[in-house]
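Remarks on the structure that follows.
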Amino acid sequence: MTYEAIIGLEVHVQLKTQTKLFCGCRNEFGAEPNSHLCPICLGLPGALPVANEEAVILTILTGLMLGSTIPPRAKFDRKNYFYPDMPKNYQISQYDQPLCLGGGVILPALSFPKDAQKEAQALANKKVRLVRIHLEEDVGKSFHLERCSGIDFNRAGTPLMEIVTEADLTTPEEAFALLTTLREILRYGKVSDVDMEKGQLRCDVNISVRPVGTEAFGTKREIKNLNSISAVRRALKHEIQAQIELVSSGGRVVQQTMRWDDARGETIPMRTKEQAHDYRYFPDPDLLPIQTQGHLRGEAERRLPELPERKKSRLCQTYGLSEYQASVLAADLPLADYFEQAARSTRNPVALANLTLNDYLALRPETPGPASVPPEYLGELADLVSEGQINSRQGREVLAILLQTHRPPREIARERGLTQISDAQALDAFCREAISANPKSVADYKAGKAAAINALKGFVMKKTRGQANPQRIHELLESLLREP
Amino acid sequence: MSLAFATIQELRRRLRAKEVHPRELVEALLDRISSVDPKVKAYNYLHPERALESAQKADISLPLGGVPIAIKDLINVRGEPCTCASRILEGYIAPYDATVIERLRAAGAILLGRTNMDEFAMGSSTENSAWGVTRNPWDLSRVPGGSSGGSAAAVAAHEAIAALGSDTGGSIRQPASFCGCVGLKPTYGRVSRYGLTAFASSLDQIGPLTKTVADAALVLESIAGVDPRDNTCDPTPAPSFSAKLGEEIRGMTLGIPKEYFVSGIDPEVEDATRQAISHLEGLGATLREISLPHTAYSIASYYLVATAEASANLARFDGMRYGRRAKECDDLLETYGRTRDEGFGREVKRRILLGTYALSSGYYDAYYLRAQKVRMRIREDFLAAFRDCQAIVTPTSPTPAFRLGERAEDPLQMYLADIFTIAVNLAGLCAISLPCGFTRSGLPIGLQIIGPMRQEETILQVGYAYEQSTDWHTLRPSLS
């Protein structure tokens, strides 16, 4: 019997706000433990929360980017459970009236892992539906030392957005693609930096398996707190295999919460359903319901960016780029912006794209800073190459100098004597010289060895110190050799 | 005569005329406290040096400049203990000022100390305090009411010129009525709750306990108003609450709810209240019988909503970050369990359990949600009633102060002490209690005047008119 997996994700994204969700403390990673604290985020007696408007706007913006419905009214609820890293022993979250409902994400082939991009699954442009998106506060972080434990409450109260998908996913690769796509969209909206190292994206996954062709869902297990996209893929692969082995050997999956040990490559049970919490959600009486329709939604709409898929197709159409070129550019928003600025000053955007993706990406400094080289210089350089004034190798040379000096490429080329000789008369003389100086190669060529022409080309390039236009030489040599 | 017996109004005049220095005033109060507080036990904590120091620097041109005020022990004052009368907060020193404290300081008030209360404001007698009971200054064998019993007793015994209390279901008005002083519960949202240790967030409201209606208006003026730190705070600016004091009440219609004068009410209380109502009629008000049909359900609704919120609000007291932690526990669960078992008193535990139950899956709809729906009905009752009248007059409590220990073992009997005050909190209205007579045995009786939301001026106007034409507020307990 063959089995299929059914997967749903809960994706937690740390929002890019200046301050925490319910107080004015800084929302910052990596500070001295317990240095960003106040009575509110510590849950001291008498402290009251006030919702951070920016976090609400960013959540609505995410909903708009993902095609969610924004209900006119949302509210905050208390989710009650005891844990040492949670100051109030309830988490302010959203239960039955979240900020966003529904929506979906289409998975483009290039968002799949590289080794799976050509699979049928990747090429289907599947849509994964969303259940909801809500906003909640994060908790602190526990550290377990040898003889005691400590808690850093800096993270307590930072804004966390939770995106919940329907159980629409069937493979680890799809989960990977979903997270990759989401990450790109979230960066486009400037909603989050989605920096994995800083824990800005964390994920819980629900998995069950069933025999192919059956309708009923199997019993699901949940893996909590996966903190990278590749860990999600690895954990799912392992868990699906484990469940299939269990079920096909006659066993039964027990509803459980698991933890992923990335080092050991195993899922480990945390708690069973018997210990399931009763969260006793109820509306937080300290916070008024949120009316979304006025200023909040307006502001989110104002910030709606062009989305990655839209940008890709526009880059293809406007500049004649390949889908691959467009995807690589669109995946790096500052680079795409830089390309588009540069494109205004070139007659050949495809050549610019090649220059950008092949050379600029390889040579640019660690922190690009789009202003480092004026984009119009890159455009000008693309023209120099595509119009044959210099060849592509010389183009790289100019670019390297350009990145250092920020001077116009034409000047650089002229100073270095890097002009390509395309002038027919001058080249004609060089080619004739090559033919008379290399009778053996000429004879070989005439005897049918087409490759022999390369030796003649090499002669010309050497004579012109690499400045000849190789395409032109090739054409010229061919016609001269055809002469009787 | 001791300066401690004066009202804010009198003191303002005398302080500004330089007849009295704030330091003398604080000294007079400290003298009074040392002579009567061993009997009354209104205070949990005093800080004479800080009070004298701020008296020295007091700016008497400010609205409450130089006026000593006592604070209920659940409002946070920077650098002082905030125990909420609970062992679980033993050792906790508040690191910040509540908004009302900032405002009292800005108004020039001098903070005297912290008054006793029922633990976490749960109770109607101030017997549920980890630090011992407070006694009624009019009869030391009786309770002062609760939960702001310490604040009411401090004012009634002239151990403070005024005090702040908090009112979740009557916790300012009922002790004011038992102690023969004035207690004002402002409209929900009128005074910021920031820094008030929460009992039930949707019901709690800070308010003044004072000797006179005019003093209540003065204190409210200093503490009310928008606070960006409290999301539920009313965004409309607070008016001048003293503005209508002295205006006639002729032509005003007062509602008398028939449901509030039924069996169970003490005959002396009923008698005094009816006389007070006739007195108001004599001042030119028109009386109109009104109906608040859902009154009977208010206690049930209250004890579900309030305990549900309390169960979450009190979850933070777990011994992890501050306060008391049980010693020598083997694991986390035991630490939580024993800390809370040792730290909380019986009434607090009872209410946490009740609230936890009411919110549990499978019971939410039947209890919490139903209670919220009833609450809406109660609110609608009042809205309808206020179409026919400007204020509603009722007794504050069905009985005068009861004896210490009399109801301590009977929570339901205790809960009935708030039967006339609770609906006001559920509906978010404002109400005031002021003395309207005494029983034959010399216990004060309180009159409650309820106003629509944001109509504090109206109830203060009615209360002031009554007070100015009677002299109940001028009587003092002998404290023998």
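In order, the protein sequence lines correspond to chains A and B.
Take the first sequence: its letter number 132 is residue 132 in this note's numbering, and every next letter is one higher.
Take the second sequence: its letter number 305 is residue 789 in this note's numbering, and every next letter is one higher.
By construction, the Cβ of each residue, glycine as well, lies at the ideal position given by its N, Cα and C atoms.
This one's a predicted model, so the numbers in the text were calculated from it and none came from an experiment.
Contact set for residue i: own chain, Cβ-Cβ below 6 angstroms, skip 5 residues either direction
i, result
"residue 574 (chain B)", "808"
"residue 370 (chain A)", "Interpretation of residue 370 (chain A) is limited by its pLDDT of 48, a score under 50 that renders its predicted location unreliable; the figure taken from the coordinates is listed afterwards. Counting only Cβ-Cβ distances below 6 angstroms, and skipping sequence neighbours, we find 334 and 338."
"residue 567 (chain B)", "557 and 573"
"residue 197 (chain A)", "none"
Sequence-distant residues of the same chain with beta carbon closer than 7 angstroms to residue i, five excluded per side
i, result
"residue 913 (chain B)", "671, 866, 934, 935, 936 and 937"
"residue 748 (chain B)", "882"
Contacts of residue i in chain A (Cβ-Cβ under 8 angstroms)
i, result
"residue 816 (chain B)", "84"
"residue 820 (chain B)", "82"
"residue 712 (chain B)", "50"
"residue 792 (chain B)", "282"
For residue i, the three-state DSSP class (helix, strand or coil)
i, result
"residue 472 (chain A)", "helix"
"residue 260 (chain A)", "strand"
"residue 370 (chain A)", "Residue placement at residue 370 (chain A) is flagged as unreliable, the pLDDT there being 48, under the threshold of 50; the coordinate-derived value follows with that caveat. Three-state DSSP puts residue 370 (chain A) in coil, outside helix and strand."
"residue 763 (chain B)", "helix"
"residue 656 (chain B)", "coil"
"residue 501 (chain A)", "Summary: the structure shown does not reach residue 501 (chain A), with chain A confined to residues 1 through 484, and so no result is reported for it."
"residue 601 (chain B)", "coil"
"residue 165 (chain A)", "strand"
"residue 675 (chain B)", "strand"
"residue 90 (chain A)", "strand"
"residue 268 (chain A)", "strand"
"residue 109 (chain A)", "helix"
"residue 796 (chain B)", "helix"
"residue 45 (chain A)", "coil"
"residue 783 (chain B)", "helix"
"residue 576 (chain B)", "coil"
"residue 238 (chain A)", "helix"
"residue 823 (chain B)", "helix"
"residue 430 (chain A)", "helix"
"residue 115 (chain A)", "helix"
"residue 541 (chain B)", "helix"
"residue 508 (chain A)", "There is simply no residue 508 (chain A) to check, as chain A begins at 1 and stops at 484 in what is shown."
"residue 745 (chain B)", "coil"
"residue 942 (chain B)", "helix"
"residue 886 (chain B)", "coil"
"residue 132 (chain A)", "strand"
Residues near residue i in its chain [Cβ-Cβ closer than 8 angstroms; skip 5 each side]
i, result
"residue 26 (chain A)", "18, 19, 20 and 36"
"residue 384 (chain A)", "390, 395, 398, 409, 410 and 413"
Chain-ordered neighbours of residue i on chain B, where CB pairs are closer than 7 angstroms
i, result
"residue 90 (chain A)", "796 and 799"
"residue 33 (chain A)", "Those within 7 angstroms of residue 33 (chain A) in chain B number zero; the least Cβ separation is about 14 angstroms."
"residue 39 (chain A)", "579 and 580"
Proximal residues of chain A, C-beta to C-beta of residue i below 7 angstroms
i, result
"residue 679 (chain B)", "46"
"residue 802 (chain B)", "82 and 89"
Proximal residues of chain B, C-beta to C-beta of residue i below 9 angstroms
i, result
"residue 194 (chain A)", "Within chain B, no residue comes near residue 194 (chain A); the closest Cβ sits about 30 angstroms away, beyond 9 angstroms."
"residue 26 (chain A)", "Residues of chain B passing the Cβ test: none, with the nearest at roughly 18 angstroms."
Beta-carbon neighbours of residue i, restricted to chain A and to distances below 9 angstroms
i, result
"residue 564 (chain B)", "The contacting residues do not exist; residue 564 (chain B) stays about 13 angstroms from chain A at best."
"residue 685 (chain B)", "48, 284, 285 and 286"
Closer than 8 angstroms at the beta carbon, the chain B residues around residue i
i, result
"residue 43 (chain A)", "800 and 805"
Residue i Cβ short of 6 angstroms to the ligand MN heavy atom set
i, result
"residue 99 (chain A)", "Among the ligands in the structure shown, none appear at all, so the ligand MN cannot be discussed."
*the stretch 828 to 860 of chain B: which residues have C-beta closer than 8 angstroms to a C-beta of chain A, in chain order?*
840, 843, 844, 845, 848 and 852
_the stretch 279 to 306 of chain A: positions lying closer than 7 angstroms to chain B by Cβ_ = 280, 282, 285, 286, 287 and 288
*In the stretch 550 to 581 of chain B, which residues sit with their C-beta less than 9 angstroms from some C-beta in chain A, listed in chain order?*
558, 559, 560, 566, 568, 573, 576, 578, 579 and 580
*Counting pairs of Cβ atoms below 8 angstroms between the stretch 113 to 125 of chain A and the stretch 87 to 104 of chain A, do you hit three or more?*
no
*Mind the definition here: the stretch 579 to 598 of chain B touches the stretch 544 to 555 of chain B only if three or more C-beta pairs lie below 8 angstroms; say whether that holds.*
yes
*May I ask you to list, following chain order, the residues of the stretch 716 to 746 of chain B that have a beta carbon less than 7 angstroms from some beta carbon of chain A?*
716
_Does the stretch 885 to 901 of chain B come into contact with the stretch 600 to 619 of chain B, if we say contact requires no fewer than three beta-carbon pairs (one atom in each stretch) closer than 8 angstroms?_
yes
*Name, going along the chain, the residues of the stretch 65 to 79 of chain A whose beta-carbon falls closer than 9 angstroms to a beta-carbon of chain B.*
78
*asked:* Three Cβ pairs or more, each shorter than 8 angstroms: is that satisfied between the stretch 3 to 16 of chain A and the stretch 648 to 655 of chain B?
replied: no
*Does the stretch 812 to 829 of chain B come within contact of the stretch 778 to 793 of chain B, defined as at least 3 CB pairs closer than 8 angstroms?*
no
*Quick one: any contact between the stretch 768 to 775 of chain B and the stretch 731 to 748 of chain B, if contact means 3 or more CB pairs under 8 angstroms?*
yes
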